[in-house]
Amino acid sequence: MNYRGPKGTYDVYPGGREPHERPELWAWAESVARDHFRRYAYSEVRLPVFEEAQLFVRSVGEASDIVRKEMFVFHDKGGRELSLRPEGTAGVVRSYVEHSLYKVAQPVKMWYLGPMFRHERQQKGRYRQHVQIGAEVLGSDDPLVDVEIISLLYSIHQSLGVRDEVVYLNNLGDLETRRRYVPELRSYLEKHESELDPDSVSRIETNPLRTFDSKDRNTQALLAEAPVIGDYLSEEARAHFDSVKAGLEAAGVPYAVDERLVRGLDYYTLTVFEAKSAALGAQDTVGGGGRYNGLVSELGGPEAPGIGFGSGVERILLAANAPEEGAKLDVYFVTLTPEARLPAVSLAAALRAEGVACDLDYADRSAKGQFKQADRAGVRFAVIIGDEELAKGACKLRDMSSGEERFVPVADGPGELLRALKV
Ligand code: HAM
Numbered sequence: 357m358n359y360r361g362p363k364g365t366y367d368v369y370p371g372g373r374e375p376h377e378r379p380e381l382w383a384w385a386e387s388v389a390r391d392h393f394r395r396y397a398y399s400e401v402r403l404p405v406f407e408e409a410q411l412f413v414r415s416v417g418e419a420s421d422i423v424r425k426e427m428f429v430f431h432d433k434g435g436r437e438l439s440l441r442p443e444g445t446a447g448v449v450r451s452y453v454e455h456s457l458y459k460v461a462q463p464v465k466m467w468y469l470g471p472m473f474r475h476e477r478q479q480k481g482r483y484r485q486h487v488q489i490g491a492e493v494l495g496s497d498d499p500l501v502d503v504e505i506i507s508l509l510y511s512i513h514q515s516l517g518v519r520d521e522v523v524y525l526n527n528l529g530d531l532e533t534r535r536r537y538v539p540e541l542r543s544y545l546e547k548h549e550s551e552l553d554p555d556s557v558s559r560i561e562t563n564p565l566r567t568f569d570s571k572d573r574n575t576q577a578l579l580a581e582a583p584v585i586g587d588y589l590s591e592e593a594r595a596h597f598d599s600v601k602a603g604l605e606a607a608g609v610p611y612a613v614d615e616r617l618v619r620g621l622d623y624y625t626l627t628v629f630e631a632k633s634a635a636l637g638a639q640d641t642v643g644g645g646g647r648y649n650g651l652v653s654e655l656g657g658p659e660a661p662g663i664g665f666g667s668g669v670e671r672i673l674l675a676a677n678a679p680e681e682g683a684k685l686d687v688y689f690v691t692l693t694p695e696a697r698l699p700a701v702s703l704a705a706a707l708r709a710e711g712v713a714c715d716l717d718y719a720d721r722s723a724k725g726q727f728k729q730a731d732r733a734g735v736r737f738a739v740i741i742g743d744e745e746l747a748k749g750a751c752k753l754r755d756m757s758s759g760e761e762r763f764v765p766v767a768d769g770p771g772e773l774l775r776a777l778k779v
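Residues are numbered in the working numbering as their position in the sequence shown, beginning at 1, plus a constant of 356.
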């Protein structure tokens, strides 16, 4: 029996070919993101990868594609309906309410990194298990928090070398605005129903805003003439939008307003944004997010505003200029006789304790084979131990680039070897 990974998943493994299959790129992306969160003063949260399914229905929205088609829902032995998390915001808000974090000094700034699950059709940049780096700020409606969240997203992407990136920005108004706008949009779409693609027709009733995401040319042309939400904004929403724009300019984040930008999740109010990379194909959104001022109270908490982003690490790596892998090892031990193996183990332990990365042969290779391994690993030094070295209470240090060799005494401990390695 041969097994393969489940459809829509991928492995990260030694020698992985695609950028998102390479372990060293994940380590790099995570460390860059972590360092940004430190600089922006965000605390990490780690939350379950499954929650009550209703949490997502209430927050992401009944009419959203995610809830209608993409959730991995299952029942536990107690008959509870659970779902693998399709996104991170709902869990963070649930946790904020559950632990009464609205009682501490506001805002609360949090970040997370972990897998999300959506039953989508697989294609490049789209998986059934993907990993998001995300941040959420709860308890402030200051437009400069919107600016911070967008700057943070942009800055992480830039530090990771995301190519040809543009941040698109829009404002969806408050829920009241949407209540006024959606019937207008719906009646426009109904009037032109015969010219729309079938997917968009099916959305007129359930979620007309999503028609803006249609890739169909006729639909797009028609939507260019459709009423835009910007014309329905309240004065407050408009002022918020202006402050965000001024803040982004002050922070040096380039952006473009896209009045037709809507998002696939229902909880958004006011600011929404998406960062796209022209280096990607059809799945060109590297990250996105927005405000959700009604969500905390919707999930049983007080009236507390929120905003955040989620960014797909696979897409970041696909859109990035991935650095070439550097050497991972400092030292490779070459043992010329079986008696040299335990002394090599002992020296390796001493070097590793001092932070030196080293490895030895576990495949019974000849001396030639071991030197080849050392070459492959790109080490600076080989430490050679054979009969002669054992007799001398020494090892032989070979500088792999110059080929120079010298004996280093080790009978009194690894001190001299460590010094020699640090030159
Ligand atoms: P989202 O736009 O659904 O937003 O997802 C955020 C990012 O996750 C996307 O831009 C994309 O990079 C990545 N992503 C989503 N689905 C997939 C997939 N199937 N395969 C690969 N990558 C994917 C959210 O999830 C919101 N929670 C963001 C947010 C946080 N809004 C406020 N706070």
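Cβ atoms here follow ideal geometry from the backbone N, Cα and C, with glycine treated the same way.
A quick note: this is a predicted structure, and the numbers were derived from the prediction, not measured.
C-beta atoms of residue i and residue j nearer than 7 Å
| i | j | result |
| --- | --- | --- |
| S420 | V429 | no |
| E549 | V557 | yes |
| R441 | G364 | no |
| V464 | L655 | no |
| N802 | D614 | As shown, the chain starts at 357 and ends at 779. That puts residue 802 outside it, with no answer to give. |
| Y510 | V368 | no |
| V669 | I489 | yes |
| P583 | E540 | yes |
| A635 | D520 | yes |
| F763 | A750 | yes |
| P770 | A706 | yes |
| G637 | K480 | yes |
| A607 | S507 | yes |
| A491 | F665 | yes |
| Y458 | V523 | no |
| G529 | L578 | no |
| V618 | L565 | yes |
Counted within 10 angstroms of its Cβ, other Cβ atoms place residue i as buried (16 or more) or exposed
| i | result |
| --- | --- |
| A444 | In the sequence as displayed, the identity of residue 444 is Gly instead of Ala. With 16 or more other Cβ atoms within 10 Å, it is buried. |
| N677 | exposed |
| P694 | exposed |
| V460 | exposed |
| K427 | Residue identity differs from the one stated: residue 427 is Met in this sequence, not Lys. Label assigned to M427: buried. |
| N358 | exposed |
| S758 | exposed |
| S667 | buried |
| E745 | buried |
| H455 | exposed |
| D502 | buried |
| G574 | Here the sequence assigns Asn to residue 574, which means Gly is not the residue at that position. With fewer than 16 Cβ atoms within 10 Å of its Cβ, N574 is classed as exposed. |
| A409 | buried |
| G434 | exposed |
| H431 | exposed |
| A704 | buried |
| G495 | buried |
| P404 | exposed |
| R594 | exposed |
| R647 | buried |
Proximity winner among the options, relative to residue i (alpha-carbon distances)
| i | options | result |
| --- | --- | --- |
| F393 | Y366, G417, E504, A713 | E504 |
| R414 | S599, L685, R450 | R450 |
| I663 | V628, I422, A676, A696 | V628 |
| E400 | V642, S507, G490, W467 | W467 |
| H486 | P471, Q478, Q479, D497 | P471 |
| R754 | Y359, D731, N526, D391 | D731 |
| R616 | D587, M756, A595, A593 | D587 |
| I741 | G734, M756, A733, A723 | A723 |
| E592 | H431, E561, T625 | T625 |
| N649 | A709, D497, K571 | D497 |
| A719 | R697, G371, V448 | R697 |
| A747 | A733, E760, D432, V766 | V766 |
| G734 | L777, K684, T691 | K684 |
| T562 | I585, L545, K571 | L545 |
| H475 | V739, L469, I422, I512 | I422 |
| Q726 | D768, M756, V712, F689 | F689 |
Proximal residues to residue i (C-beta, below 7 Å), its chain only, five neighbours per side dropped
| i | result |
| --- | --- |
| S599 | P499 |
| L673 | P375, H376, L381, A385 |
| F406 | L438, S439, L440, R441 |
| G517 | A676, N677 |
Proximal residues to residue i (C-beta, below 6 Å), its chain only, five neighbours per side dropped
| i | result |
| --- | --- |
| D743 | T693 |
| T641 | E630, K632 |
| G644 | E630 |
| A446 | L411, F412, S415 |
| A776 | L753, V764 |
Sequence-distant residues of its chain with Cβ nearer than 8 Å to residue i (five each side left out)
| i | result |
| --- | --- |
| V701 | L716 |
| A397 | K465 |
| Q639 | Q479, K480, G481, R482, R671 |
| E772 | V764, P765, V766 |
| K760 | Checking the sequence, you will find Glu at residue 760 rather than Lys. Taken in chain order, the residues that qualify are R754. |
| A536 | The amino acid at residue 536 is misidentified as Ala; the sequence shows Arg. Same-chain partners within the cutoff: Y588. |
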